[in-house]
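Quick note on numbering: the sequence shown equals residues 1172 to 1703 in this note's numbering.
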Amino acid sequence: MTTQRDLRNTLRSTRRHVPTNLPYRKRLPASPKNIVVIGAGLGGLTSALIMASEGHHVSILERNSIPGGKCSQIEEKGYRFDTGPSVLTMMQTLEEVFSYAPKPLESYLECIPMDPLCHYWDRELPSVADSTASFMNYANLQYTLDEVKRIAPYDVEGFKALVQLSSELYRKTNATFIRNPLARLKDLKGLPWLDLLDIKAFSTVSQVVDKHVQSPFLRKFFKRFTTYNGSSPFLAPGTLHVIPHVELSLGAWYIKGGLYQLVKALEKACLELGVNIYYDHDVQQIQTKKGRVVEVSTSSQSFEADILISNTDSIELPLRLASQSATKREKDAALEQQPSSSGFVLLLGTKKSWPQLGHHNIFFSNDYDNEFEEIFHKHQYPSDPTIYISNTSASDSEDAPKGGSNLFVLVNVPPLKEHTLHRQAERESESLEYANKLIHELESRGLKGLRASIEVQYIHTPVHYFNTYRSNRGAIYGTSSNSPWAAFLRPRNAHPRFKNLYRVGGSTHPGGGIPLVLQSALNATKLALDTL
């Protein structure tokens, strides 16, 4: 069986030798092109890395002063917080990305397998009186099955069936959808549409799960995965049941020093290949001519572009195209896209630790149906939210002072109601009250003394994500997948109107989250390179 290391070594062995005094290039084109990348997020950095490795001149224009986009970090008083993604999955995709780097992946990052994968708390579990009672999801599936036997022996076969179904969905969708750029209409027509029933496209995730297990907790357990791309299990197609396979069967990793080390590694590899990165360069306008992008302008400089790769939100791109190039219909269509959920985040540096907390922790709400009703239909912060905590100090003692914890607390909340900020003051005035509510809830769920132990606190709301990253209405996963067709209607990696314009990032195909954002860059650069 081919291992990830074998794949990487095979890819690396195909590299063309170049003089040692030159940056590494996979091939040296006869006529290097000018590649402009908007945004130094994971998608933009990956795209720049690949295009530079092919010998082209690459410039990244980033509006902020640091790279990473929503994948960022904060350090204060000895506490370090990842402020964006908190888990790394689909390691083979990361291996493929770094096959374009000058050095092996291990030279940039130390990736640590997670085990257990996550600790779950729920009042539906046995020993309700014990606030520390939990369910463990292990890297070894057999150990997880032992947990299922402990809490719901009648659901063991149903649990195994759902794991198997998720694996089958992954097998059916990985090559034909996730790794397929779907650049043209005929690519959509070429998909195995007759298998839509087979991939559960016309059932919801909730219906698929409820058919197999009876335990209220296990139903929440499987439905939770749908939130990984900002969707509701009660609205999203059963096809999204593919997500559990990624974690339960392929595993999850943590990067030593935090997930932001991935951003630093990509930035370093780009610089080693001669990429020019311009920070504090906010793109003001994109000039086009005869169906092609010709120039990208910031407030201080203009850049000629043979190829433009945009790592901005899919809503933002048409708003940056020169008025004569982007029709009103295109702009209106972009604004009408249904955004994913957003997040209410607390970053808490505490001088206390709780031995029952693992690296990843989920505290389920009492009424899961109502939680999603409030988020996606009533458009309000959930009154009884499911709370996720990333506690990286459980795995990396350097992330907090001795005896302390760095808690990343996340609750799914609705995005802003419109593409404006007129409700900013209202949302900000609500934030402290909601933060106090979450702290009180966590104390009641076993984190005794949490409030008194807080030394560092940050609050991030949808307004923060809108202001800082220009994400659609403050959404954190791009567009939602709350219909059978939503996944197929995400913005394509190749722009339909401009032949040399490509789109990457969580708001484009194939979706949000680290591995899919990296895959969007792999897809887009393949399309771009095929034209050169």
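Positions of the beta carbon are idealized from the N, C-alpha and C atoms, including for glycine. In this text, all values refer to a predicted model and were calculated from it rather than measured experimentally.
Look at residue 1390 here: in three-state DSSP terms it is helix.
Distance between residue 1322 and residue 1403, taken at the CA atoms: about 25 Å.
Residue 1478 places its beta carbon 9 Å or farther from that of residue 1290. Residue pairing of residue 1378 in beta bridges, as defined by DSSP: absent, with no partner found.
Within the segment 1609-1656, the alpha helix (DSSP H) runs of at least 4 residues that lie entirely inside it are, in chain order, 1621-1624, 1633-1640. Here residue 1248 is not bridged, per DSSP, to any residue. With respect to the C-alpha of residue 1619, the residue from 1643, 1480, 1700, 1526 having the closest C-alpha is 1526. Around residue 1570, the same chain offers 1251, 1563, 1564, 1577 as residues with beta carbons nearer than 6 Å, after the five sequence neighbours per side are excluded.
Proximity of the segment 1231-1246 to the segment 1419-1431 meets the contact definition, three or more beta-carbon pairs being nearer than 8 Å.
Taking residue 1633 as reference, the option from 1512, 1277, 1437 with the minimal CA-CA separation is 1512.
Taking 9 Å as the cut-off, the Cβ atoms of residue 1677 and residue 1329 do not count as close.
When rounded, the separation of the alpha-carbon atoms in residue 1264 and residue 1686 is 6 Å. Per DSSP, residue 1553 lies in no alpha helix (DSSP H) segment and is marked neither H nor E. Residue 1702 sits exposed, since fewer than 16 C-beta atoms from the chains shown fall within 10 Å of its C-beta. The C-beta distance from residue 1557 to residue 1545 rounds to 12 Å, too long to fall under 8 Å, and the pair is not in contact.
DSSP, read as helix, strand or coil, puts residue 1223 in helix. Separation of the CB atoms of residue 1396 and residue 1414 is rounded to 4 Å, and the pair is thereby assigned contact status at 8 Å. The segment 1458-1473 and the segment 1665-1680 touch, with no fewer than 3 CB-CB distances between them shorter than 8 Å. By the Cβ test, the segment 1440-1455 is not in contact with the segment 1656-1668, since fewer than three Cβ pairs between them sit closer than 8 Å. Comparing C-alpha distances from residue 1230 to each of 1475, 1629, 1642, 1447 shows the shortest one belongs to 1447. Take the alpha-carbon of residue 1697 and the one of residue 1294: they are about 48 Å apart. Of all alpha-carbon atoms in 1255, 1219, 1235, 1212, the one lying nearest the alpha-carbon of residue 1560 is that of 1255. Excluding the 5 residues flanking it on each side, residue 1204 has same chain C-beta neighbours closer than 8 Å at 1227, 1228, 1477, 1478, 1703, in chain order. By DSSP's assignment, residue 1521 forms a beta bridge with 1576, 1625. Sequence-distant partners of residue 1587 (beyond 5 residues in either direction) whose C-beta falls short of 8 Å from its own C-beta, in its chain, are 1513, 1594, 1598, 1633, 1634, 1637, 1644, 1645. In the structure shown, residue 1432 adopts helical secondary structure according to DSSP, grouped into three states.
The count of Cβ pairs closer than 8 Å, one atom from the segment 1333-1341 and one from the segment 1406-1425, reaches three, so the stretches are in contact.
A residue is called buried once 16 or more other Cβ atoms fall within 10 Å of its Cβ, and residue 1607, having fewer, is exposed. Distance between residue 1386 and residue 1515, taken at the CA atoms: about 28 Å.
Straight-line measurement puts the Cα of residue 1445 at about 42 Å from the Cα of residue 1311.
Within a 10 Å sphere around the beta-carbon of residue 1292 sit 16 or more other beta-carbons, which makes this residue buried. At least 9 Å separates the beta-carbon of residue 1271 from that of residue 1436. Cβ contact annotation for residue 1249 (same chain, cutoff 7 Å, sequence separation greater than five): 1571, 1572, in chain order. In the DSSP annotation of this structure, the continuous segment of the alpha helix (DSSP H) that includes residue 1686 starts and ends at 1685-1701. When the five nearest sequence neighbours on each side are left out, the beta carbons in the same chain lying within less than 6 Å of the beta carbon of residue 1269 are those of 1276, in order along the chain. In the structure shown, residue 1674 adopts extended strand secondary structure according to DSSP, grouped into three states.
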